[in-house]
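Numbering (the numbering used here), first residue to last: 918 to 976. Following: one structure in structure tokens, then a few remarks.
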């Protein structure tokens with residue numbers, strides 16, 4: 918979320934929150950969208966993506 922990479926430690930909570938929010942939307946408890954992806958989020962995402970790509974390309 919928000920440009921942050923998922924790790925083994927964080928993926929479980931992210932999936933649980935996704936499921937909870939989906940349930941709340943279906944039941945009508947909440948409506949609306951997530952906050953907009955900010956320039957800071959985009960920069961963080963691109964930086965982390967570049968790090969992952971470079972790590973994958975290393976022998």
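Using N, Cα and C, we set each Cβ at its ideal position, and we do this for glycine too.
What is the residue span of the alpha helix (DSSP H) that residue 926 lies within? Element bounds for residue 926: n/a, residue is neither H nor E.
Nearest to residue 923 by CA position, among 953, 974, 973 and 962, is which residue? 962
CA-to-CA distance, residue 976 to residue 919, given in whole angstroms: 30 Å
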